[in-house]
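Residue numbers (this note's numbering): 1 to 232.
Yeah, the Cβ is synthetic: ideal placement off N, Cα and C, and Gly gets one too.
Scroll down for the structure; my scribbles are underneath it.
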Amino acid sequence: MAKLGKRIRAAREAFAGKENLTVEEAVSLIKANSNAKFDETVEIAMSLGIDPRHADQMVRGVVGLPNGTGKDVRVAVFARGPKADEAKEAGADIVGAEDLMETVQSGKIEFDRCIATPDMMPVVGRLGKVLGPRNLMPNPKVGTVTMDVAAAVKAAKGGEVQFKAEKGGVVHAGVGKASFDEAKLVENIRAFIGAVAKAKPTGAKGAYLKQIALSSTMGPGVTVSVDKAVSE
1 MAKLGKRIRA AREAFAGKEN LTVEEAVSLI KANSNAKFDE TVEIAMSLGI
51 DPRHADQMVR GVVGLPNGTG KDVRVAVFAR GPKADEAKEA GADIVGAEDL
101 METVQSGKIE FDRCIATPDM MPVVGRLGKV LGPRNLMPNP KVGTVTMDVA
151 AAVKAAKGGE VQFKAEKGGV VHAGVGKASF DEAKLVENIR AFIGAVAKAK
201 PTGAKGAYLK QIALSSTMGP GVTVSVDKAV SE
C-alpha cells in the first residue's frame, strides 16, 4: 500500500468525522486545506434520485455563476460568413465550418465549449460520437445552438456552466477556485444547487436531491446538508 504524503494525511485528518455541513462550513474547511502548488478548482457533485436512461428523468441545464469559474474557457464556434465574424469579435478561440469538423474528427479538440448556428448542425451532427461523450455537443436547450453567437460566446467566457446527469444520476461541475473569497464561493455553489433543483424532471420520483458533496481538486470531499443547502 502506498504511503500517503504529509499534505494528504493532514487533509484527511482535518476532514475526519465531518459531514452534512452547511455550505459555509464546507467552503471554509476546503479553503483551509487547499494547499497544492496550484490554484485548485472547487468541485461539486450532486447525487440525484433519477434514472437518466429514461427520457423523462434526464437532468440537463445551464447556470451563470455570479462570480465566474476562475477558469479560462476555450470556446469553439461552428459558423460561416457574418456569424463567424461575429463569433471572432466576441472572443471565440476557434471558429470554422467543415475545416473545424475535420480538425475535430482527427482527434484534435482544443476547446471547452462548443457553439453552433442552426444551419451548421448538419455538419456538427457528424461529430456526435466525438463530442457527445465529452458533453460538448451543441444543444439548443442550453443555448449553444443559436444565431446569437456573440451572446453565447460571452456567456461561456463569463462563467456560464453546463450540467448534465451521468449514468449514475450524478451531476458534477467546477464552481470556482480555492483562491476565491469564501462568500463568492458560497454564492456560486448556491446558484448551482438552485439551478439543479429547478431542473427536476417530471419523471423523478421520491427524493430528488439525495446527496451533495464538495471538494477541491487535490483534497478530500465533504458532504453538505441537502436541507440547509436548499433552504438557506
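Can the beta-carbon of residue i be found closer than 9 Å to that of residue j?
i: residue 89; j: residue 175; result: no
i: residue 229; j: residue 221; result: no
i: residue 172; j: residue 45; result: yes
i: residue 145; j: residue 116; result: yes
i: residue 33; j: residue 15; result: yes
i: residue 105; j: residue 126; result: yes
i: residue 183; j: residue 87; result: no
Near residue i, what residues of its chain come up, given a Cβ to Cβ distance below 8 Å and the 5 sequence neighbours on each side ignored?
i: residue 180; result: 42, 67, 70 and 188
i: residue 139; result: 60 and 145
i: residue 254; result: Missing from the structure shown is residue 254; the chain here goes from 1 to 232 and no further.
What are the boundary residues of the beta strand (DSSP E) that includes residue i?
i: residue 210; result: 209-216
i: residue 47; result: 41-48
i: residue 95; result: 94-96
i: residue 76; result: 75-78
i: residue 71; result: Unbroken run through residue 71: none, as it is neither H nor E.
i: residue 116; result: 113-116
Take residue i as the anchor and find which of the options has the nearest alpha-carbon.
i: residue 64; options: 182, 225, 193 and 227; result: 193
i: residue 159; options: 62, 82, 140 and 210; result: 62
i: residue 38; options: 177, 106, 215 and 138; result: 177
i: residue 29; options: 210, 191, 186 and 203; result: 186
i: residue 233; options: 109, 128 and 15; result: In this structure the chain extends from 1 to 232, so residue 233 is not present and cannot be described.
i: residue 133; options: 210, 78, 216 and 112; result: 112
i: residue 93; options: 215, 156, 216 and 166; result: 156
Taking only three categories from DSSP, how would you classify residue i?
i: residue 200; result: coil
i: residue 164; result: strand
i: residue 1; result: Low per-residue confidence applies at residue 1: pLDDT is 44, beneath 50, and the placement is therefore not dependable, though the value from the model is reported in the following sentence. Residue 1 falls in the coil class under three-state DSSP.
i: residue 26; result: helix
i: residue 186; result: helix
i: residue 153; result: helix
i: residue 108; result: coil
Which residues in the same chain have their Cβ closer than 7 Å to the Cβ of residue i, if we skip the five residues on either side of it in sequence?
i: residue 18; result: 29 and 222
So, at 6 Å on beta carbons, what are the nonlocal neighbours of residue i in its own chain, with the 5 sequence-adjacent residues on each side left out?
i: residue 24; result: 186
i: residue 164; result: 60 and 135
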